[in-house]
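Participant: In our numbering, the protein residues as written are 239 to 641.
Mind looking over this structure? Questions follow.
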């Protein structure tokens, strides 16, 4: 049977960031797998660089062509079907909505509930496809992912590059384009979060801060905006991320934190989603204790392995690593509330603030939590908690347990 549409996917070289390299492979593999499992008749064509239509069109023998220009997207079958229906309603091109996008804003999805992994993404995508199967005519589309009529592409200049098609198709008045409001496509895995949740836990009077794993410097950017008097040192092993962080820190040390030459007397050490990436987070807590002044602060965020989506998948015999989030591919260690409390206590800290982050469950998640708790097998508080945000105080040395 002839394929229904052709997928053009970019063979891009990932930057030297481990999570991004994993993401490029993951997104391509997962998108193809999901569409094949849904029995969509697709022909996948990988392309390099930014080729012209003249170079690509001879490879296409389908009525529709989906052109992807950003390698960090995941396509759901329901999103593809929504965009197909949009073209069947007479539009020359159709774009999806995204969980995040720089522009245009009308392609940002109004998610009914958040999602945290592939399974919950598919659940949310299917719900949106059923609820919002409408098409909104627009003046332009984000070129990251667009479905075109083959005949519309043939009306365009053969010298037009793939990255320019989305803006050219309307400029040349080849046909109307629309956003399929029910077509949810996942887009991007970020490293630039400002972490306002951690910044707000920096007490008054703090003057020297160490930020472990500062990534692109989002935490430092936000902290310096609010507290410019603070002397801020970051540690980041990836040189590309460290370069982005440089403008927001007084100093960025470029090496693994385990190898960083650090001296003590910090007022506060920040560990935003870092401990789970370390080979020996317990040893790192001991070292942080030694770097703090007496009654200094540790602020940390840690994901909870007891969250409902992880527990449900384990009960199904599944464990799907993803580029970032609860099941990030670079996580080495896992914590629950009791285990992180014990680790902090053993390292000589007294917990001052303990917050439970609770991303609302999807409808299927709500049912799972209800059923497993009713059967006596689940702790509802843990199942609803995706992570912990903690502020702990260094105990005086003579009160610390022996190591």
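Every residue gets a Cβ at the ideal spot worked out from N, C-alpha and C, and that includes glycine.
(1) Between residue 641 and residue 529, what straight-line distance do the alpha-carbon atoms span, to the nearest angstrom?
(2) Would DSSP call residue 470 helix, strand or coil?
(3) May I ask which residues mark the beginning and end of the alpha helix (DSSP H) holding residue 383?
(4) What separation, rounded to the nearest whole angstrom, lies between the Cα atoms of residue 241 and residue 298?
(5) On the DSSP bridge assignment, give the partners of residue 632 in chain order.
(6) Would you list the residues sitting across from residue 553 in a DSSP beta bridge?
(7) Let's test the definition: count the other Cβ atoms within 10 Å of the Cβ of residue 251 and tell me whether it reaches 16, buried, or not, exposed.
(8) Taking the alpha-carbon of residue 352 as reference, which of 632, 603 and 618 has the nearest alpha-carbon?
(9) Using the beta-carbon count (16 or more within 10 Å), is residue 557 buried or exposed?
(10) Going by C-alpha to C-alpha distance, which of 514, 629, 305 and 266 sits closest to residue 385?
(11) Assign residue 626 to one of three DSSP states: helix, strand, or coil.
(12) Cβ atoms of residue 335 and residue 564: under 8 Å apart, would you say?
(13) Would you be able to state if there are at least three C-beta pairs under 8 Å between the stretch 324-334 and the stretch 368-387?
(14) Using a 10 Å radius around the Cβ and a threshold of 16 neighbouring Cβ atoms, would you call residue 552 buried or exposed?
(15) With distance defined between alpha-carbon atoms, name the residue in 380, 600, 609 and 633 nearest to residue 415.
(16) Check the C-beta distance from residue 474 over to residue 452 and give it rounded, since I have them as a contact under 8 Å.
(17) Which class does residue 517 belong to by DSSP, given the choice of helix, strand or coil?
(18) For residue 221, count the other beta carbons within 10 Å of its own beta carbon; 16 or more makes it buried, fewer makes it exposed. Which is it?
(19) Buried or exposed: where does residue 345 fall if 16 or more other Cβ atoms within 10 Å of its Cβ makes it buried?
(20) For residue 511, which option in 536, 362 and 312 has the closest C-alpha, if you only look at C-alpha atoms?
(21) Looking at residue 440 and residue 460, is the spacing between their C-beta atoms short of 8 Å?
(22) Could you say which of 301, 548 and 278 lies nearest to residue 317 if we only look at CA atoms?
(23) How would you write the range of the alpha helix (DSSP H) that residue 504 sits in, first residue to last?
(24) From the DSSP output, in three-state form, read off residue 419 for me.
(25) Would you mind sorting residue 327 into buried or exposed? The rule is 16 or more other CB atoms within 10 Å of its CB.
(26) Count the other CB atoms within 10 Å of the CB of residue 533; is the residue buried (16 or more) or exposed (fewer)?
(27) If you draw a straight line from the alpha carbon of residue 398 to that of residue 300, how long is it in whole angstroms?
(28) Considering only the alpha carbon of each residue, which of 615, 627 and 395 lies closest to residue 592?
(29) With a threshold of 7 Å on Cβ separation, who are the neighbours of residue 377 within its own chain once the five nearest residues in sequence on each side are excluded?
(30) Under three-state DSSP, which class holds residue 251?
Facilitator: Inspection of the coordinates gives the following:
(1) At residue 641, the pLDDT of 45 sits below 50, so the modelled position is not reliable and the matter cannot be decided from this model.
(2) Three-state DSSP puts residue 470 in a strand.
(3) First-last for residue 383: 383-387, but that is the beta strand (DSSP E), not the alpha helix (DSSP H).
(4) Taking the Cα positions, residue 241 is about 10 Å away from residue 298.
(5) BP columns for residue 632 point to 587.
(6) Its beta-bridge partners do not exist; DSSP assigns none.
(7) Around the CB of residue 251, fewer than 16 other CB atoms lie within 10 Å, so the residue is classed as exposed.
(8) Restricting attention to 632, 603 and 618, the CA atom closest to the CA of residue 352 is found in 603.
(9) By the 10 Å Cβ count, residue 557 comes out exposed.
(10) Of the candidates 514, 629, 305 and 266, the residue whose Cα lies closest to the Cα of residue 385 is 305.
(11) For residue 626, the secondary structure class from DSSP, reduced to helix, strand or coil, is strand.
(12) In this structure, residue 335 does not lie closer than 8 Å to residue 564 by Cβ.
(13) Touching, per the Cβ criterion.
(14) Within a 10 Å sphere around the beta-carbon of residue 552 sit fewer than 16 other beta-carbons, which makes this residue exposed.
(15) Closest option to residue 415, Cα to Cα, is 380.
(16) Cβ atoms of residue 474 and residue 452 come within 8 Å of each other, at about 5 Å.
(17) Coil.
(18) No answer is possible for residue 221: the residues shown for the chain start at 239 and end at 641.
(19) Buried is the call here.
(20) Checked all of 536, 362 and 312; the closest Cα to residue 511 is 536.
(21) No, the pair does not count as a contact, with Cβ atoms beyond the cut-off.
(22) That would be 278, whose Cα lies nearest to the Cα of residue 317.
(23) Residue 504 -> not in any alpha helix (DSSP H); beta strand (DSSP E) instead, spanning 504-510.
(24) Here residue 419 sits in strand by DSSP.
(25) Exposed is the label assigned to residue 327, since fewer than 16 other Cβ atoms lie within 10 Å of its Cβ.
(26) Flag for residue 533 reads exposed.
(27) Answer to the nearest angstrom: the Cα atoms are 20 Å apart.
(28) Ranking 615, 627 and 395 by Cα distance to residue 592 puts 627 first.
(29) Within its own chain, the residues whose Cβ lies closer than 7 Å to the Cβ of residue 377, once the five positions on either side in sequence are excluded, are 408, listed in chain order.
(30) For residue 251, the three-state secondary structure derived from DSSP is coil.
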